[in-house]
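Take the first sequence: its letter number 551 is residue 551 in our numbering, and every next letter is one higher.
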Amino acid sequence: MTRLSQLLLPTEREPPADAEALSHKLMVRAGLIRQVGSGLWTWLPAGWRVHRKVEQIVREELDAIDAQELLMPLLMPAEPWRRTGRYEIDELFKLKDRKGADMVLAMTHEECVTVHVAQLVRSYRDLPFSLYHFQTKERDEPRPRAGVLRTREFIMKDAYTFDRDRAGLEQHYERYAGAYDRIFDRCGLECYSVQSDVGMMGGFGAHEYMAPCGAGENDVALAPGYAANVEVASAEAQPVELPAPLPAPERVHTPGATTIDDVARLLRTPVGGLLKSVPVVADGRGLVLVLVRGDHRVNEIKLANALGAPFRFALEDEIRDRIGPPGFIGPVGANVHVLLDDAVGDGGYVVGANEPDHHLRGVQPGRDFTFERGDVRSVEVGDTVGGHPITIEPAIEVGNIFKLGTRFSEPLGATYLDESGTEQFVWMGCYGIGPARIVAASVEQLADEKGIAWPKALAPWDIEVVSLGKAGSEELAVAERLYEELCAAGYEVLLDDRDGGPGAKFADAELVGCPLRLTVGRRSLQAGGAEAQVRRGLRDVEGGVPLDGVVEAVAGLWPAIP
RNA sequence: CGGGGCGUGGCGCAGCCUGGUAGCGCGCACCGUUCGGGUCGGUGAGGUCCCCGGUUCGAAUCCGGGCGCCCCGACCA
């Protein structure tokens, strides 16, 4: 049913009072989604059409790389989650069935799929293969937000690959990376594949697919030929004008100057000429003094990777006992291992003197203290990659791919026998896409002040035919005819056959955002046709389209419409 | 989990401070009007004022407790 007079398409003039994000406001206003509870949303008919468009693109591209679609349940026994150590995750919804057995609502399906593979795969002859499904995920998020961008229940396409070894996994991974590029491209989304942190899942490598948009939750560092999550990004730091090192560190009185800014002001030194001393305690390594330039910030993820272990910041007492008075600590003369950030260059730096109210200046790394190097700082706007300054943009993660290795096959016993009859663990990869996020990101990226401007690939309907006449009018009769002909030609068409003023109809059409609008009114009928307007950019098509031969005329316009 | 805010017809809000008949705009229904950018006029329907308890002759309003929702941060397998 695509007559607006009968369609449940509740458009609103005003956005919900509590909406912040553009996509949240517009998707509600355009009648695509409606909230049920915190992080819980109903997809109304128009919204669901868009969601299914995305699903179908994903499905076609995955089928094209020989992935096999199946469907696993949402509700499952807790047992496999205990075995993988993930039962304790706070976001996991836990419940009991009537017999008192522990159950969970799957937040992802590694456990489920691996249990099957453990049972079904016997031999290297059974490998490799890959499976995927579109299934609801349940996650008890601490803070759902921004409409459909971060919810407690959502549909995810999750895929899993199964190989006999690492080389097989690498191949599968590359095939998926290719499919993902094609998917986001077909969706008309601006999207970057960025190196990402493997996080607590461990694993052997991961990429995130990031769609830049204002409502994004992640920050991505971008330069020509470069894109990375700021969590792991590396770049060349802007240089700092530094004095040469003094023949020996000079002790200077800096009463009460416990912050970088205090010291820089007092000593008239650029902030980048100070070294910030950050004492941390790393698992298995003990106390480590991390040094970054005064104008830089320690990146905790990069630091953990550089240390090769999780860490925590040192406590005041530990600092006092092992190094010096907090606020005045430094590497010189301290009996502590030093990790020096890569961005620290040559020159005479200012560091804490390890005694109250004093700093040292003219300090030269290497001469005055020994150190280990590491890239542990967060990149900043103005840093460069390959000579190009980077920008940092917010982005929404619309997909990810992840080399799991044997993270799940080991605890769940997914093994096969190789040619020699030796039992081996299956090597796995996992690959996610959130269709709802693609929808929201598309709205964010392409909307204008009038509303949503769908790309052809995602639009709920290809064409909206607007009749400006009331019931029984010639305008409506003509609009009906165009509608029938275009439908018969294979277009998805929405007909605005409501009794209403032109203003309201145009406003709704622009809000809902179908790529092409045909308008049938008295004016256009006198000109012998229907007016045509491309939604993106609101470009009027010169001369409109004729009443006889609309299908041909639209077919002519269609390829040029974004 | 820390911080802030909000719950009053479908939506957006006022009223609360200073207790006394529950209001406005939009939307909706009907009549007329208009008919190429959210027409105009009239009539009308629609509300447990989030819930429970307390104070009071009387509570949307004051007090206590609870629930829900949003935003910022933390978190995000």
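Where is the CB? At the ideal position from N, CA and C, for every residue including glycine.
Can you give me the start and stop residues for the beta strand (DSSP E) that residue i sits inside?
| i | result |
| --- | --- |
| Lys-137 | 129–138 |
| Glu-397 | 391–405 |
| Gln-238 | Taken as a continuous stretch (DSSP letters only), Gln-238 belongs to no beta strand (DSSP E), as it is neither H nor E. |
| Trp-81 | Not the beta strand (DSSP E): Trp-81 falls in the alpha helix (DSSP H), residues 79–83. |
| Gly-374 | 372–374 |
| Leu-360 | 358–363 |
| Val-290 | 286–293 |
| Arg-312 | 311–313 |
| Val-344 | Looking at the DSSP string, Val-344 is not in any beta strand (DSSP E), and its letter there is neither H nor E. |
| Leu-222 | 218–223 |
| Leu-95 | 93–96 |
| Val-194 | 192–195 |
Can you list, in chain order, the residues of its chain whose CB lies under 6 Å from that of residue i, leaving out five sequence neighbours each side?
| i | result |
| --- | --- |
| Pro-245 | Gly-348, Gly-362, Gln-364 |
| Gly-469 | Glu-475, Leu-476 |
| Pro-243 | Gly-348 |
| Thr-406 | Phe-425 |
| Asp-197 | Glu-231, Val-232, Ile-301 |
| Tyr-124 | Arg-164, Tyr-416, Asp-418 |
| Gly-513 | Gly-451, Ile-452, Ala-453, Trp-454, Arg-535 |
Between which two residues does the alpha helix (DSSP H) holding residue i run?
| i | result |
| --- | --- |
| Cys-213 | No alpha helix (DSSP H) holds Cys-213; DSSP gives it neither H nor E. |
| Lys-456 | Neither: Lys-456 is in no alpha helix (DSSP H) and is coded neither H nor E. |
| Ile-301 | 300–307 |
| Gln-526 | 522–526 |
| Leu-511 | 502–512 |
| Asp-496 | Unbroken run through Asp-496 is the beta strand (DSSP E), 493–496; no alpha helix (DSSP H). |
| Glu-531 | Careful: Glu-531 lies outside any alpha helix (DSSP H), inside the beta strand (DSSP E) at 529–534. |
| Val-564 | What the structure shows of the chain is the stretch from 1 to 562, and residue 564 is not part of that stretch, so it cannot be assessed. |
| Arg-322 | 316–322 |
| Ala-553 | 550–557 |
Closest by CA to residue i, which one among the options?
| i | options | result |
| --- | --- | --- |
| Asp-375 | Glu-300, Pro-411, Pro-243 | Glu-300 |
| Ala-457 | Arg-186, Trp-43, Val-493, Cys-191 | Arg-186 |
| Lys-403 | Tyr-180, Pro-80, His-172 | His-172 |
| Asn-335 | Arg-293, Pro-279, His-358, Glu-208 | Pro-279 |
| Val-148 | Ala-215, Leu-538, Ala-471 | Ala-215 |
| Gly-39 | Glu-141, Asp-261, Arg-3 | Glu-141 |
| Gly-272 | Thr-259, Thr-254, Arg-293, Ala-414 | Arg-293 |
| Lys-302 | Asp-346, Gly-324, Met-156, Gln-195 | Gln-195 |
| Glu-485 | Gly-549, Gln-445, Trp-81 | Gly-549 |
| Leu-70 | Pro-435, Arg-523, Phe-129 | Phe-129 |
| Gly-308 | Gly-413, Asp-368, Gly-286, Ala-314 | Gly-286 |
| Val-298 | Arg-322, Asp-508, Leu-340, Asp-262 | Leu-340 |
| Val-551 | Tyr-124, Leu-516, Leu-9, Glu-91 | Leu-516 |
| Val-121 | Leu-525, Ser-467, Glu-423, Tyr-483 | Glu-423 |
| Phe-425 | Ala-106, Pro-80, Leu-127, Leu-315 | Leu-127 |
| Leu-4 | Glu-20, Ser-23, Ala-21, Ala-30 | Ala-30 |
| Ala-19 | Tyr-87, Ile-33, Pro-77, Pro-10 | Ile-33 |
| Tyr-132 | Thr-108, Ser-193, Asn-218 | Thr-108 |
| Gln-68 | Phe-134, Gln-119, Arg-367 | Phe-134 |
| Arg-312 | Val-332, Ile-323, Ala-282 | Ala-282 |
| Asp-499 | Ala-488, Ser-473, Gly-490 | Ser-473 |
My guess is that residue i and residue j are in contact by the Cβ rule of under 8 Å, so how many angstroms apart are they, rounded?
| i | j | result |
| --- | --- | --- |
| Pro-389 | Ala-206 | Wrong, their Cβ atoms sit about 27 Å apart, outside the cutoff. |
| Pro-16 | Val-28 | 5 Å |
| Asp-540 | Glu-492 | At roughly 22 Å, the Cβ-Cβ gap does not stay under 8 Å, so Asp-540 and Glu-492 are not in contact. |
| Val-554 | Val-545 | 6 Å |
| Val-263 | Leu-274 | 6 Å |
| Ala-395 | Ala-211 | 6 Å |
| Tyr-431 | Ala-159 | 4 Å |
| His-51 | Ala-436 | 7 Å |
| Ala-343 | Arg-377 | 6 Å |
Give me, in chain order, the residues of the same chain whose beta-carbon lies closer than 8 Å to that of residue i; leave out the 5 immediate sequence neighbours on both sides.
| i | result |
| --- | --- |
| Arg-175 | Ile-65 |
| Pro-80 | Glu-111, Cys-112, Thr-114, Val-115, Leu-412 |
| Ala-177 | Ser-193, His-207, Ile-401 |
Quick one: residues in its chain with C-beta nearer than 7 Å to the C-beta of residue i, no 5 flanking neighbours on either side, listed in chain order?
| i | result |
| --- | --- |
| Ile-319 | Pro-279, Pro-326, Ile-329 |
| Ala-235 | Ala-221, Val-379, Asp-383, Thr-384, Val-385, Ile-390 |
| Leu-26 | Val-443, Ala-447, Gly-451, Ile-452 |
| Lys-53 | Ala-457, Leu-458 |
| Gly-37 | none |
| Thr-84 | Glu-111, Phe-408, Pro-411, Leu-412 |
| Glu-190 | Ala-211, Pro-212, Gln-445 |
Any heavy atom of the ligand NAD inside 7 Å of the beta-carbon of residue i?
| i | result |
| --- | --- |
| Ser-277 | As far as ligands go, the structure on display features none, and thus does not contain the ligand NAD. |
List in chain order: all unbroken beta strand (DSSP E) runs of 3+ residues lying wholly within the stretch 102–185.
102–105, 129–138, 153–163
Would you list, in sequence order, the uninterrupted beta strand (DSSP E) runs of no fewer than 3 residues that lie entirely inside the stretch 19–64?
33–37, 40–43
What runs of the alpha helix (DSSP H), each 4 residues or longer, lie entirely inside the stretch 402–485?
409–412, 435–446
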